[in-house]
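S.K.: The structure that follows is given in the form of structure tokens.
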Amino acid sequence: MLLTKPHPALTLPSASLPNPTLNAARVRPLASSAPHGRRGRRVSASSSPAPAQAASAALSRVDVLSEALPFIQRFKGKTVVVKYGGAAMKSPELQASVIRDLVLLSCVGLRPVLVHGGGPEINSWLQRVGVEPQFRNGLRVTDALTMEVVEMVLVGKVNKQLVSLISLAGATAVGLCGKDARLLTARPSPDAAALGFVGEVTRVDPSVLRPIIASGHIPVIATVAADETGQAYNINADTAAGEIAAAIGAEKLLLITDVSGILADRDDPGSLVKEIDIAGVRRMVAEGKVGGGMIPKVECCVRALAQGVHTASIIDGRVPHSLLLEILTDEGTGTMITG
Ligand SMILES: Nc1ncnc2c1ncn2[C@@H]1O[C@H](COP(=O)(O)OP(=O)(O)O)[C@@H](O)[C@H]1O
Ligand SMILES: CC(=O)N[C@@H](CCC(=O)OP(=O)(O)O)C(=O)O
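According to our numbering, the sequence shown is numbered sequentially starting from -17.
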């Protein structure tokens, strides 16, 4: 099945489109100096809308909350693996907004596991040490120096930054990489001659995640793993997220990126494929309609679904609250791949 519909974000008023300033406003806590009403809400005489308008705005806000109830009930206690990719992590405001949504999901009883990338950040640090990044079919060509930079950036920098953002948003997180408690064991990719230290996952041992999740912390996973000899490998974050989702029996796998989802025509942002089954997506890959970084995404969704994950979606991190829209509404925002 292949359905193409206009993307909801494309039909929204311009104020709903990705806008760092608006996102910043959304994540900013209430100014402590602002006067507060009875329930601690900020009250501003000069900017108050007319009472009728304010009441109607409040009503539509609680409507949205109320509509989310069946979804919250359905997914309460369920694990959702969210892969947050580098392309959608470029702006600090966007990062804070995505992390707030993740924390909201955790507060309403879902059990999110965050697997992250950081491709653009790795590129920028490689360039600082004079190495030009190279990719083949969406995978980074990883020699020994590149491997060192990948580990420093993903495990040392990006991972800890996301843990801090979760803390700032009021939840707690534990940062890990594949090496911790042998969460992921790697072996060289079949294309090692061309790709160097790019790994594929041979084993997932999710036992370290269970007590972390049971204690209410959000695991944050960087996808560097070692083989049996301790050699480090660079694992594509989409691939790792799919394997982790399958190993922990996740309800959902969500890949957040910087396109609206799978496009029927990759040069036409309006050609979003809203829903597609495994056969359909395989056909798109065979016909060359899916390329570059979208290939590991599609492949990991297909593998996760084949191993029992119920739904896999590719969603647009540039759309404010795309994570909440995908999980807590009927409409969704991106491409849902079904088994
Ligand atoms: N059919 C397609 N639909 C959407 N994107 C596609 C398609 N084929 C290739 N792509 C490319 O895949 C990219 C997403 O992968 P990538 O840049 O690796 O994301 P991330 O860094 O979030 O993991 C898109 O920006 C787009 O250039
Ligand atoms: C083998 C391989 O390509 N590894 C990726 C790992 C990070 C990643 O996947 O980051 P994004 O999600 O931001 O693309 C890389 O080195 O860029």
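Each residue gets a CB set at the ideal place from its N, CA and C atoms; glycine is no exception.
#1: Taking the beta strand (DSSP E) that K256 falls in, what are its first and last residues?
#2: Exposed or buried, which one is R82 when buried takes at least 16 other CB atoms within 10 Å?
#3: Taking a contact to mean a Cβ-Cβ separation below 8 Å, would you say T167 touches D125 in this structure?
#4: In this structure, how does DSSP classify V140 when only helix, strand and coil are distinguished?
#5: What whole-angstrom Cβ distance do G160 and T221 have, given they're in contact under 8 Å?
#6: Between the Cα of I296 and the Cα atoms of E182, S88, T320, A261, which residue gives the shortest distance?
#7: D45 to A39, Cα distance in whole Å?
#8: P181 to V280, Cα distance in whole Å?
#9: Within 10 angstroms of the Cβ of D298, are there 16 or more other Cβ atoms? Answer buried if so, exposed if not.
#10: Could you give the DSSP three-state label for K58: helix, strand or coil?
#11: Compute the Euclidean distance between the alpha carbons of E269 and G275, then round it to the nearest angstrom.
#12: Using CA atoms only, rank isn't needed, just tell me which of K139, Q143, G152 is closest to I104.
#13: Any heavy atom of ligand 2 inside 7 Å of the beta-carbon of V132?
M.R.: For this structure:
#1: Per DSSP, the unbroken beta strand (DSSP E) holding K256 starts and ends at 255 to 259.
#2: Buried, by the Cβ-count rule.
#3: The answer is no: Cβ separation not under 8 Å.
#4: Secondary structure of V140 (DSSP, three-state): helix.
#5: The pair is not a contact, with the Cβ atoms about 11 Å apart (cut-off 8 Å).
#6: When only C-alpha atoms are compared, the closest one is T320.
#7: Cα to Cα, the separation comes out at about 10 Å.
#8: A small correction: the amino acid at residue 181 is Gly; Pro does not occupy that position in the sequence shown. Cα to Cα, the separation comes out at about 18 Å.
#9: D298 is buried by the Cβ-count criterion.
#10: Note: K58 maps to coil in three-state DSSP.
#11: The straight-line gap from Cα to Cα measures roughly 16 Å.
#12: It is K139 whose Cα lies nearest to the Cα of I104.
#13: Remark: the shortest separation between the CB of V132 and any heavy atom of ligand 2 falls under 7 Å.
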